[in-house]
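**Student:** Residue numbers (the numbering used here), protein chains in the order written: chain A, 3 to 497; chain B, 407 to 783.
Virtual Cβ for every residue (Gly too), placed ideally from N, Cα, C.
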Amino acid sequence: MAEQPVASEVVAGAASPIGQALLDIKSEDAAVRSAAAALLIEKGDASLLSALDAIRAEADRATRQAIKPVIDLLKNHANLTSDQSDTRRSAAADLVGTGRPEAIVWLEEAAAKEPVWWVKYTMEESAQLLRLRAEDHTVRVVAVKKLGELRSQNGLSALKELVEAGSQSGATDEQRALADAAHASIGQIDAWFWWADAIETFFRGISLSSILLMMSLGLAIVFGLMGVINMAHGELMMIGAYATFVTQQAFIAWVSPEMFDWYFPVALPVAFLAAAAFGWLLEATVVRFLYGRLLETLLATWGVSLILMQAARVYFGDLTAVIAPQALRGGAQVMVGVYLPYNRIFIILLSIVCVLGIYFLLFRSNLGIRVRSVTQNRNMSACLGIPTRKVDSYTFAFASGLAGIAGWALTMVGNVDPGLGQNYIVDAFMVVVTGGVGKLAGTIWASLGIGGLNKLIEPVTGAVYGKVFILVGVILFLQWRPQGLFAAKGRSADA
Amino acid sequence: MPEQMVARQDSRETLSFYVTGLILLLVLPLLNVLTPEDSWLHLSDFRLNQFGKFLCFAILALGLDLIWGYCGVLSMGQGVFFGFGAYCMGMYLALQIGKESVYGSELPDFMVWTQVKELPFFWYPFKSFAGAFLGAILVPVLFATIFGFLAFRSRIKGVYFAIITQALAFAAWLVFNRNETRLGGTNGLTDFKQLLGYRLSDPSTQRGLYIITVLALGAAYLFCRWIVASRAGKVLIAIRDSESRVTFSGYTPWMYKLFVFVVSAGLAGLAGMLYVPQVGIITPAQIGVLPSLEVVIWVAVGGRGTLIGAILGAVAVNYGRSVLTNYFPEAWPFILGGLFVVVVTMFPDGLLGMIRKVTERKQTPAPVIKAEGRTAA
Chain A
3 MAEQPVASEV
13 VAGAASPIGQ
23 ALLDIKSEDA
33 AVRSAAAALL
43 IEKGDASLLS
53 ALDAIRAEAD
63 RATRQAIKPV
73 IDLLKNHANL
83 TSDQSDTRRS
93 AAADLVGTGR
103 PEAIVWLEEA
113 AAKEPVWWVK
123 YTMEESAQLL
133 RLRAEDHTVR
143 VVAVKKLGEL
153 RSQNGLSALK
163 ELVEAGSQSG
173 ATDEQRALAD
183 AAHASIGQID
193 AWFWWADAIE
203 TFFRGISLSS
213 ILLMMSLGLA
223 IVFGLMGVIN
233 MAHGELMMIG
243 AYATFVTQQA
253 FIAWVSPEMF
263 DWYFPVALPV
273 AFLAAAAFGW
283 LLEATVVRFL
293 YGRLLETLLA
303 TWGVSLILMQ
313 AARVYFGDLT
323 AVIAPQALRG
333 GAQVMVGVYL
343 PYNRIFIILL
353 SIVCVLGIYF
363 LLFRSNLGIR
373 VRSVTQNRNM
383 SACLGIPTRK
393 VDSYTFAFAS
403 GLAGIAGWAL
413 TMVGNVDPGL
423 GQNYIVDAFM
433 VVVTGGVGKL
443 AGTIWASLGI
453 GGLNKLIEPV
463 TGAVYGKVFI
473 LVGVILFLQW
483 RPQGLFAAKG
493 RSADA
Chain B
407 MPEQMVARQD
417 SRETLSFYVT
427 GLILLLVLPL
437 LNVLTPEDSW
447 LHLSDFRLNQ
457 FGKFLCFAIL
467 ALGLDLIWGY
477 CGVLSMGQGV
487 FFGFGAYCMG
497 MYLALQIGKE
507 SVYGSELPDF
517 MVWTQVKELP
527 FFWYPFKSFA
537 GAFLGAILVP
547 VLFATIFGFL
557 AFRSRIKGVY
567 FAIITQALAF
577 AAWLVFNRNE
587 TRLGGTNGLT
597 DFKQLLGYRL
607 SDPSTQRGLY
617 IITVLALGAA
627 YLFCRWIVAS
637 RAGKVLIAIR
647 DSESRVTFSG
657 YTPWMYKLFV
667 FVVSAGLAGL
677 AGMLYVPQVG
687 IITPAQIGVL
697 PSLEVVIWVA
707 VGGRGTLIGA
717 ILGAVAVNYG
727 RSVLTNYFPE
737 AWPFILGGLF
747 VVVVTMFPDG
757 LLGMIRKVTE
767 RKQTPAPVIK
777 AEGRTAA
């Protein structure tokens with residue numbers, strides 16, 4: 003065994019206790035092995051890891067068993083002071099698994115120095131979880147209480163076991179006291195997580211709402227302005243998504259890897275322009291012949307959407323995905339039990355930006371005032387010298403570009419596939435119908451309502467029945483407000 | 407349109423109805439039975455069966471034409487009613503398999519592998535043929551009554567109605583795909599063996615089913631024509647052309663719409679019921695958004711607002727599809743999409759409109775569908 007180079011170097015440092023322990027751990031005697039392991043855990047550090055790994059690779063089963071906790075502990079101990087907060091956190095979480103009381107001190111030391119609250123929280127939680135296994139009754143009671151205060155979800159199963167043990171007939175007084183404390187802590191934790199769940203559901207609802215909103219905004223503008231139902235809107239979104247994908251591929255092919263993440267911002271104008279150009283083309287070749295014939299626009303654009311979908315399927319195949327840039331990966335742990343992925347936050351922010359942009363465009367710009375006047379009364383606007391055809395054409399292109407941006411953002415939350423638009427189009431139309439024609443506020447409220455309701459019902463009924471309930475809800479809602487939330491008033495209301 | 411012209415058009419339609427009926431009812435089956443297999447006149451069992459399928463679709467198209475072509479209400483959920491009818495018959499056929507099933511159980515196969523021990527309660531009526539027959543008509547009719555009542559009473563119209571029915575088709579597709587609805591999930595119902603004691607694999611059974619389908623189509627056509635020619639039919643057309651004026655004249659448009667919607671749902675159920683034993687399978691893929699929309703394109707291609715057009719469109723598009731998917735399987739969605747665009751933008755009156763334009767160039771043109779008003783203009 004002496005021919006092992008790494009181990010022998012350490013041993014060569016004469017009869018240091020650690021060197022001795024490294025030899026002892028290979029001993030036949032179980033007592034010697036465990037004593038050596040205990041010594042290594044107490045005195046050792048990460049520099050031993052390579053030596054230990056080398057020993058483990060060669061050793062028999064008993065030695066491997068003795069050495070495994072040593073490696074786990076030392077590695078995680080070292081990781082507690084790592085540069086990466088994620089590594090520190092997972093090290094803290096892993097230390098619970100070893101079940102060794104030595105780790106408590108390490109965790110508490112690390113927690114005292116820890117700058118990131120979430121990592122610090124995990125360290126404290128792990129320390130308490132380890133304390134729970136202590137011999138001393140009072141230490142355990144304190145740990146139980148602390149876990150309750152920490153709202154530790156990981157502690158739930160251990161606490162439930164304690165309650166179980168305390169409720170058995172042969173339970174000692176100490177066990178009963180523990181069970182009572184555990185019971186109280188479980189109540190605390192459950193109440194907290196009810197709220198945490200509520201917040202996460204709310205967040206998911208907002209996130210879905212903002213996707214729907216970005217889709218329906220374009221639909222609603224086109225519908226309100228031109229009386230065109232654009233069933234190909236979802237496919238314009240798909241074009242935006244594929245534009246992002248193509249940009250990514252171009253970056254992979256021609257740009258250095260350090261610059262790779264820049265593809266995402268570059269893809270924004272690409273997606274917008276690609277979708278807008280396509281929308282402009284669609285308007286010029288199909289939609290312009292159908293003004294005033296609502297149902298016909300619906301059918302013709304459906305045809306276009308079929309063609310686009312199949313074209314994407316033939317050209318790109320079924321599964322293509324975009325790699326999210328570094329900044330949008332992961333998420334923020336805002337509080338215990340509430341984790342918000344960055345990509346979702348990004349989409350919510352983007353939809354707010356889109357709404358503001360549209361607001362300024364419609365209500366604070368020259369084009370906007372023309373769009374609004376044509377929406378209100380096309381003939382009168384034409385008489386006043388507004389080029390209604392041009393307004394139509396620009397607006398359609400702009401709304402299509404908006405769909406392109408939505409597609410760009412959607413690459414962050416899912417695959418890019420030909421059915422991308424179809425997944426949301428039915429919901430988006432429900433939003434437009436519920437919100438009322440051509441009303442920005444109606445679209446916003448309706449997408450919040452439908453998106454939020456969708457995520458609220460989903461955990462109870464499952465996604466499928468959630469959709470069915472939403473449909474029933476919309477139909478019942480239209481009983482009450484047939485023209486949608488924000489109906490056009492006055493003469494124009496009756497078409 | 408002058409009276410005598412209507413009369414002439416009517417008599418021409420009656421004539422073509424009888425001629426087509428005779429060909430479909432007698433000539434095609436006889437070509438199948440009497441001619442030797444290698445003769446160029448021979449119609450194979452497969453072709454006859456396929457034709458039967460197209461004629462089922464024609465019944466479905468008639469229903470849609472009634473509500474869309476005549477009343478101006480675009481329903482994009484006809485596939486759902488078709489599916490209801492088809493599933494009702496499918497459940498009966500699935501129960502008729504009995505001990506012949508793969509697992510030898512009285513329960514349909516999919517129940518065996520999804521661990522269902524007892525027949526769900528809503529399957530019981532479908533143990534008898536009468537139950538299945540009534541169910542195939544009544545389930546869609548009842549559903550359409552409730553849905554239509556809610557939709558039309560609150561004056562959901564035009565494109566709103568289209569979108570709502572599309573959402574209905576989407577929701578129905580989702581629900582039928584689930585396993586816990588006990589309707590076979592994604593795989594649907596299939597592997598049928600017999601109908602009222604007749605083996606479905608037997609060509610003579612299929613011939614019988616074909617003849618029944620032709621008769622049903624004829625009856626459906628006459629029924630629709632009767633509705634269209636009646637006073638109610640006039641109101642329907644009036645609703646299509648200007649709903650507000652109909653309201654101001656003292657009629658209640660939503661009741662007429664509801665009526666015609668329910669009729670079209672019943673026809674769709676009938677079509678579905680006839681479809682299943684001939685095709686031998688029903689899956690949720692038949693009732694989703696796209697199948698419902700395909701019905702619309704059949705009617706648009708044939709010529710909406712004419713009953714013959716709907717039948718013609720259904721048969722022509724489906725025949726074209728069966729030929730083309732053979733040669734260019736990937737091209738069909740392009741062709742379908744192209745049909746949507748071209749027909750809607752260039753030939754709003756469809757095939758029949760083109761034919762009429764050619765034959766009646768010097769006379770008053772055939773009735774053109776009035777453009778629908780802008781929603782907020």
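1. What three-state label does DSSP hand Met261 of chain A in the structure shown?
2. Strictly below 8 Å CB to CB, what residues from chain B border Leu292 of chain A?
3. Using a Cβ cut-off of 9 Å, which residues of the stretch 479 to 494 of chain B contact any Cβ in chain A, in chain order?
4. In chain order, what residues of the same chain lie with their CB nearer than 6 Å to the CB of Ala401 of chain A, ignoring the 5 residues before and after it?
5. So, for Ser307 of chain A: in the same chain, excluding its five sequence neighbours on each side, which residues have a beta-carbon less than 6 Å away from its beta-carbon?
6. Does the contact criterion of 3 or more C-beta pairs under 8 Å hold for the stretch 419 to 438 of chain B versus the stretch 610 to 620 of chain B?
7. How long is the line joining the alpha carbons of Val702 of chain B and Thr299 of chain A, rounded to whole angstroms?
8. At what residues does the beta strand (DSSP E) containing Pro343 of chain A begin and finish?
9. Any idea what DSSP makes of Gly207 of chain A, helix, strand or coil?
10. Grab me the residues of Leu42 of chain A's own chain with a C-beta within less than 6 Å of its C-beta, minus the 5 sequence neighbours each way, in chain order.
11. For Ile618 of chain B and Leu680 of chain B, which I take to be in contact (beta-carbon distance under 8 Å), what is that distance rounded to the nearest angstrom?
12. Grab me the residues of Leu606 of chain B's own chain with a C-beta within less than 7 Å of its C-beta, minus the 5 sequence neighbours each way, in chain order.
13. So, at 6 Å on beta carbons, what are the nonlocal neighbours of Arg91 of chain A in its own chain, with the 5 sequence-adjacent residues on each side left out?
14. Can you list, in chain order, the residues of its chain with a C-beta nearer than 6 Å to that of Arg493 of chain A? Leave out the 5 residues immediately preceding and following it.
15. Can you give me the Cβ contacts of Lys533 of chain B inside the same chain, cut-off strictly under 7 Å, excluding the 5 residues immediately before and after it?
16. Within its chain, find whatever has a CB closer than 7 Å to the CB of His139 of chain A; leave out the 5 residues flanking it on each side and keep chain order.
17. Taking CB distances under 8 Å as the criterion, tell me whether Met432 of chain A reaches chain E.
18. Chain A beta carbons: is any one of them nearer than 8 Å to that of Ala671 of chain B?
19. Using alpha carbons as the reference points, say which of B:Trp660, B:Ala542 and B:Ile569 lies closest to Cys494 of chain B.
20. DSSP three-state label for Gln572 of chain B, please.
21. Here's the rule I'm using: 16 or more other beta-carbon atoms within 10 Å means buried, otherwise exposed. How should Phe463 of chain B be labelled?
22. Keeping to the same chain, check which residues put their C-beta closer than 6 Å to that of Ile427 of chain A; ignore five residues upstream and five downstream.
23. Does DSSP put Leu386 of chain A in a helix, in a strand, or in coil?
24. Who are the Cβ neighbours of Gly590 of chain B in its own chain at under 6 Å, not counting the five residues just before and after it?
25. Just by C-beta distance, which residues in the stretch 383 to 408 of chain A are closer than 7 Å to chain B?
26. Can you name the start and end residues of the beta strand (DSSP E) that Gln335 of chain A belongs to?
27. Could you check the C-alpha separation between Arg252 of chain A and Ala269 of chain A for me, to the nearest Å?
28. Let me know the alpha helix (DSSP H) ranges lying completely inside the stretch 114 to 191 of chain A, each 4 residues or longer, listed in chain order.
29. Give a yes or no on whether the minimum CB-CB distance between Lys122 of chain A and chain B is below 8 Å.
30. Starting from the C-beta of His79 of chain A, find all residues in its chain whose C-beta is less than 7 Å away, skip the five residues before and the five after it, and write them out in chain order.
31. Can you find the residues in the same chain that come closer than 7 Å, C-beta to C-beta, to Ala186 of chain A, ignoring five residues on each side of it along the sequence?
32. Can you give the beta carbon distance from Lys77 of chain A to Ile57 of chain A, rounded, assuming they're within the 8 Å contact cut?
33. Could you tell me which chain A residues have their CB closer than 8 Å to the CB of Gln572 of chain B, listed as they occur along the chain?
34. Of the residues B:Val749, B:Glu506 and B:Ser648, which one's Cα is nearest the Cα of Thr596 of chain B?
35. Check whether chain A comes within 8 Å of Leu742 of chain B, counting only Cβ atoms and requiring the distance to be less than that.
36. For Ala302 of chain A versus Val705 of chain B, is the C-beta distance shorter than 8 Å?
**Tutor:** Result, derived from the coordinates:
1. helix
2. Val750 and Thr751
3. Leu480 and Met482
4. Gly220, Ile223 and Val224
5. Met233, Ala234 and Glu237
6. yes
7. 13 Å
8. It spans Val340 to Pro343 - the beta strand (DSSP E) in which Pro343 of chain A sits, taken as one unbroken run.
9. helix
10. Ala23 and Val72
11. 7 Å
12. Phe598, Lys599, Gln600, Pro683 and Gly686
13. Val121 and Thr124
14. Note that Arg493 of chain A has pLDDT 44, beneath the 50 cutoff, so the model's placement of it is unreliable and the number below is only indicative. Once the five neighbours on either side are set aside, Arg493 of chain A has no close Cβ partner at all.
15. Leu501
16. Glu176
17. Any reference to chain E falls outside this structure, whose protein chains are A and B.
18. For Ala671 of chain B, the answer is no, since every Cβ of chain A falls outside 8 Å of its Cβ.
19. B:Ala542
20. helix
21. buried
22. Gly236
23. In the structure shown, Leu386 of chain A adopts coil according to DSSP, grouped into three states.
24. Phe516
25. none
26. Gly333 to Met337
27. According to the sequence displayed, residue 252 of chain A carries Ala and not Arg. When rounded, the distance between both Cα atoms is 10 Å.
28. 119 to 133, 139 to 152 and 158 to 169
29. no
30. Trp108
31. The answer, listed in chain order, is Gly150.
32. So it is not a contact: roughly 15 Å between Cβ atoms.
33. Val428 and Phe431
34. B:Glu506
35. yes
36. no
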